[in-house]
Ligand code: UDP
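Residue numbers (UniProt numbering): 1 to 440.
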């Protein structure tokens with residue numbers, strides 16, 4: 001990839017959730033390697049550790065989130081509050097940078113920190129947004145009500161069940177959600193470019209629709225985790241012991257189970273998952289995040305007799321080095337909540353998926369995985385017999401052959417994006433040129 005000649009300064013505004021921080025830091029690393037200097041502005045919540053990224057300048061802004069907002073775990077409410085409380089400090093922070101005569105070539109903000117676009121407009125700065133979910137979500141959240149039924153008649157869009165997703169999303173028409181949709185759409189419409197951590201071939205039809213709705217170029221620069229140098233962005237401590245456990249397992253035998261950084265389950269569900277995994281007879285690596293089981297600290301609600309029944313066949317950790325796990329030869333399936341990062345990471349390693357979405361875009365990603373790309377099966381409920389059967393269907397049965405083959409095909413396509421002069425590299429060169437011409 002070309003190196004930027006003129007040194008320019010970029011300010012990146014982060015949304016403080018794991019699935020948003022990682023791609024933002026990866027984008028920052030790549031742009032830094034192209035010659036940009038980077039300042040990262042972030043709310044106090046989940047502050048990144050600056051010593052992991054000595055090449056960046058970090059500026060923390062007060063978010064004034066209360067204990068009750070944080071313990072409520074209402075993501076929509078948190079996003080809404082962050083945009084309210086961070087707007088003034090973000091503006092002051094940018095003014096301070098400008099007053100100290102630091103040129104800002106562009107302000108790159110997480111799409112859900114949409115308050116940044118208004119500030120960029122007021123200060124005369126080019127605003128560029130990073131969407132850390134599928135590009136298709138740009139249809140779902142902001143402009144879906146304008147999408148005519150006739151417009152989603154193409155096979156790919158129909159397979160996504162967008163109508164069903166719309167119904168699901170509008171079940172919760174909280175005031176905050178309505179406001180977020182309006183503000184986010186306005187921000188997207190004023191931004192100079194929309195960067196998406198995706199690959200064109202994954203969302204072809206939806207992308208062509210998205211492009212009709214937004215004037216700015218949509219730049220698909222994924223898979224970021226394969227382009228960026230390895231960075232430490234985990235909010236939790238990774239337990240490397242699972243890699244030595246994986247080293248002892250047969251090729252493609254292990255089902256890796258992780259529900260990401262935010263989803264939670266209740267005590268009965270953890271019992272069903274435990275017996276489903278045990279009865280499947282497949283080796284499993286299970287991430288149980290502390291606090292993931294509602295009402296439990298960690299794994300104290302696992303059923304009696306479970307550990308004896310699985311013995312060495314199971315490994316439970318609090319947090320795993322996920323990209324390394326998915327790339328491990330022993331891993332043959334990924335039971336996921338289908339967050340977008342997990343989805344992209346699985347695709348890049350050719351790992352077929354078992355999908356159990358919880359909220360938001362996880363339902364859309366599940367439709368892509370099961371109905372469009374056909375590289376996974378949806379787990380309809382968390383009942384132990386159903387879990388056991390679905391794991392076997394994915395990992396062992398003949399039925400899974402085609403799914404596993406298609407997953408490997410997608411892996412190859414993703415790798416193709418990454419070759420020299422491939423689409424990812426072209427997108428990055430386009431992005432840097434775009435930034436340079438906007439700031440001239
Ligand atoms: N992750 C990880 N270790 C784990 C579980 C998750 O490193 O044990 C990482 C995973 O690789 C991904 C991110 O956490 O990059 C989760 O993001 P995703 O969009 O999949 O879901 P979210 O956490 O936002 O719901």
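Where is the CB? At the ideal position from N, CA and C, for every residue including glycine.
These numbers were taken from a predicted model, which means no experiment stands behind them.
> So what does DSSP say about residue 192, is it helix, strand or coil?
Replying inline: In the chain shown, counting from the first residue as 1, residue 192 sits at position 192. Coil at residue 192, not helix or strand.
> What did DSSP end up calling residue 12 once you bin it into helix, strand or coil?
Replying inline: Counting from 1 along the chain shown, the entry for residue 12 is found at position 12. In the displayed model, residue 12 falls within a strand according to three-state DSSP.
> Regarding residue 57 and ligand 1, is the C-beta to nearest heavy atom distance less than 6 Å?
Replying inline: Translated into positions along the chain shown, residue 57 becomes position 57. Result no, Cβ not under 6 Å from ligand 1.
> Under a Cβ-count criterion, where at least 16 other Cβ atoms within 10 Å of its own Cβ denotes burial, should residue 31 be classed as buried or exposed?
Replying inline: Start at 1 with the first residue of the chain shown, and residue 31 comes out as number 31. With a threshold of 16 other beta carbon atoms within 10 Å, residue 31 meets it and is buried.
> Where does residue 238 fall in DSSP's three states?
Replying inline: In the chain shown, residue 238 corresponds to position 238, counting from 1. Here residue 238 sits in coil by DSSP.
> Under the DSSP definition of a beta bridge, which residues are partnered with residue 315?
Replying inline: Here residue 315 corresponds to residue number 315 of the chain shown, with the count starting at 1. Answer by DSSP bridge pairing, in chain order: 285.
>> If you reduce the DSSP assignment to three classes, tell me which class residue 434 lands in.
In response: Here residue 434 corresponds to residue number 434 of the chain shown, with the count starting at 1. Helix.
> Does ligand 1 have even one heavy atom less than 6 Å from the beta-carbon of residue 80?
Replying inline: The count along the chain shown starts at 1 and reaches residue 80 at position 80. For ligand 1, not one heavy atom lies less than 6 Å from the Cβ of residue 80.
> Beta-carbon separation of residue 23 and residue 224 under 7 Å?
Replying inline: Within the chain shown, numbered from 1, the residue matching residue 23 stands at position 23. Within the chain shown, numbered from 1, the residue matching residue 224 stands at position 224. Closer than 7 Å, so yes.
>> With a threshold of 6 Å on Cβ separation, who are the neighbours of residue 5 within its own chain once the five nearest residues in sequence on each side are excluded?
In response: The residue given as residue 5 occupies position 5 in the chain shown. Confidence at residue 5 is low in this model, with a pLDDT of 45, below 50, so the placement of that residue is unreliable and no value is reported for it.
> So is residue 300 buried or exposed if we call it buried at 16+ other beta carbons inside 10 Å?
Replying inline: Position 300 of the chain shown, counting from 1, holds the residue named residue 300. The residue in question, residue 300, is exposed, as its Cβ has fewer than 16 Cβ neighbours within 10 Å.
> So residue 80 packs on residue 180, CB below 8 Å; how close in whole Å?
Replying inline: Working through the chain shown from its first residue, we reach residue 80 at position 80. Working through the chain shown from its first residue, we reach residue 180 at position 180. Contact flag correct, Cβ pair sits at about 6 Å.
>> So, for residue 408: in the same chain, excluding its five sequence neighbours on each side, which residues have a beta-carbon less than 7 Å away from its beta-carbon?
In response: If you number the chain shown from 1, residue 408 lands on position 408. Excluding residues within five positions, the ones whose Cβ falls inside 7 Å are 350.
> Can you list, in chain order, the residues of its chain whose CB lies under 8 Å from that of residue 265, leaving out five sequence neighbours each side?
Replying inline: Position 265 of the chain shown, counted from the start, is the residue given in the question as residue 265. Result list for residue 265: 259, 273, 292, 293, 294, 382, in chain order.
> In the stretch 200-257, which residue ranges form an unbroken alpha helix (DSSP H) of at least 4 residues, counting only runs that do not cross its ends?
Replying inline: Taking only runs of at least 4 residues, the alpha helix (DSSP H) segments lying wholly in the stretch 200-257 are 204-213, 224-227, 241-247.
> Roughly how many angstroms lie between the CA atoms of residue 28 and residue 334, to the nearest whole one?
Replying inline: Walking along the chain shown from the start, residue 28 turns up at place 28. Walking along the chain shown from the start, residue 334 turns up at place 334. Each residue's Cα considered, the two are about 28 Å apart.
> Hey, is residue 298 close to ligand 1, as in C-beta under 6 Å from one of its heavy atoms?
Replying inline: Stepping through the chain shown from its first residue, residue 298 is reached at position 298. False, no ligand heavy atom lies under 6 Å from that Cβ.
> Are the CB atoms of residue 8 and residue 120 nearer to each other than 7 Å?
Replying inline: In the chain shown, residue 8 corresponds to position 8, counting from 1. In the chain shown, residue 120 corresponds to position 120, counting from 1. Against a cut-off of 7 Å, the Cβ pair of residue 120 and residue 8 comes out as no contact.
>> Buried or exposed, going by whether 16 or more other CB atoms sit within 10 Å of the CB of residue 215?
In response: For the purposes of this step, residue 215 is taken as the residue at position 215 of the chain shown. Burial call: exposed.
> For residue 251, which residues of its own chain have a beta-carbon under 7 Å away from its beta-carbon, when the five flanking residues on both sides are left out?
Replying inline: Reading the chain shown from its first residue, position 251 is the one you call residue 251. A distance below 7 Å between beta-carbons, with the five flanking residues on each side excluded, links residue 251 to the following residues of its chain, in chain order: 329, 330.
>> When you measure from the CB of residue 268 to every non-hydrogen atom of ligand 3, does any distance come out below 6 Å?
In response: Of the ligands this structure carries, namely ligand 1, none is ligand 3.
> In chain order, what residues of the same chain have a beta carbon less than 7 Å from the beta carbon of residue 416, not counting five sequence neighbours either side?
Replying inline: The count along the chain shown starts at 1 and reaches residue 416 at position 416. The residues are 422.
> In chain order, what residues of the same chain have a beta carbon less than 8 Å from the beta carbon of residue 325, not counting five sequence neighbours either side?
Replying inline: What you label residue 325 is simply residue 325 of the chain shown in a count that begins at 1. Contacts found: 242, 243, 246, 256, 285, 331.
> Are the beta-carbon atoms of residue 235 and residue 18 separated by less than 7 Å?
Replying inline: Here residue 235 corresponds to residue number 235 of the chain shown, with the count starting at 1. Here residue 18 corresponds to residue number 18 of the chain shown, with the count starting at 1. Yes, these two residues count as a Cβ contact at 7 Å.
> Would the beta-carbon of residue 257 be found less than 6 Å away from any heavy atom of ligand 1?
Replying inline: Looking up residue 257 in the chain shown gives position 257. Residue 257: no, Cβ never under 6 Å from ligand 1.
> Roughly how many angstroms lie between the CA atoms of residue 404 and residue 219, to the nearest whole one?
Replying inline: The count along the chain shown starts at 1 and reaches residue 404 at position 404. The count along the chain shown starts at 1 and reaches residue 219 at position 219. So the alpha carbons of these two residues sit roughly 29 Å apart.
> So residue 37 is in the beta strand (DSSP E); what residue range does that whole segment cover?
Replying inline: The residue given as residue 37 occupies position 37 in the chain shown. Unbroken beta strand (DSSP E) run through residue 37: 36-43.
> At a cut of 8 Å, does the stretch 384-396 reach the stretch 197-205 through at least three beta carbon pairs?
Replying inline: no
>> On a Cα-Cα basis, can you pick out the residue from 190, 149, 305, 318 that is closest to residue 240?
In response: Counting from one through the chain shown, the residue named residue 240 turns up at place 240. Closest by alpha carbon: 318.
> Measuring CA to CA, which of 363, 352, 175, 148 is closest to residue 400?
Replying inline: Translated into positions along the chain shown, residue 400 becomes position 400. The candidate whose alpha carbon is nearest that of residue 400 is 352.
>> Rounded to whole angstroms, what is the Cα-Cα separation between residue 123 and residue 396?
In response: Taking the first residue of the chain shown as 1, we reach residue 123 at position 123. Taking the first residue of the chain shown as 1, we reach residue 396 at position 396. Between the C-alpha atoms of residue 123 and residue 396 there is a straight-line separation of about 58 Å.
> Which residues bound the beta strand (DSSP E) around residue 61?
Replying inline: What you label residue 61 is simply residue 61 of the chain shown in a count that begins at 1. It spans 57-61 - the beta strand (DSSP E) in which residue 61 sits, taken as one unbroken run.
> Which partner residues of residue 308 appear in the DSSP bridge assignment?
Replying inline: As a position in the chain shown, residue 308 is number 308, starting the count at 1. According to DSSP, residue 308 bridges with nothing at all.
>> For residue 388, report the span of its alpha helix (DSSP H) as first-last.
In response: Numbered from 1 along the chain shown, position 388 holds the residue referred to as residue 388. That run of the alpha helix (DSSP H) goes 384-395.
>> Does the distance between the C-beta of residue 112 and the nearest non-hydrogen atom of ligand 1 fall short of 6 Å?
In response: Mapped onto the chain shown, residue 112 falls at position 112. Because no heavy atom of ligand 1 lies under 6 Å away, the Cβ of residue 112 does not count as near it: no.
> What residue range is occupied by the uninterrupted beta strand (DSSP E) comprising residue 108?
Replying inline: One-based indexing of the chain shown puts residue 108 at position 108. It spans 106-110 - the beta strand (DSSP E) in which residue 108 sits, taken as one unbroken run.
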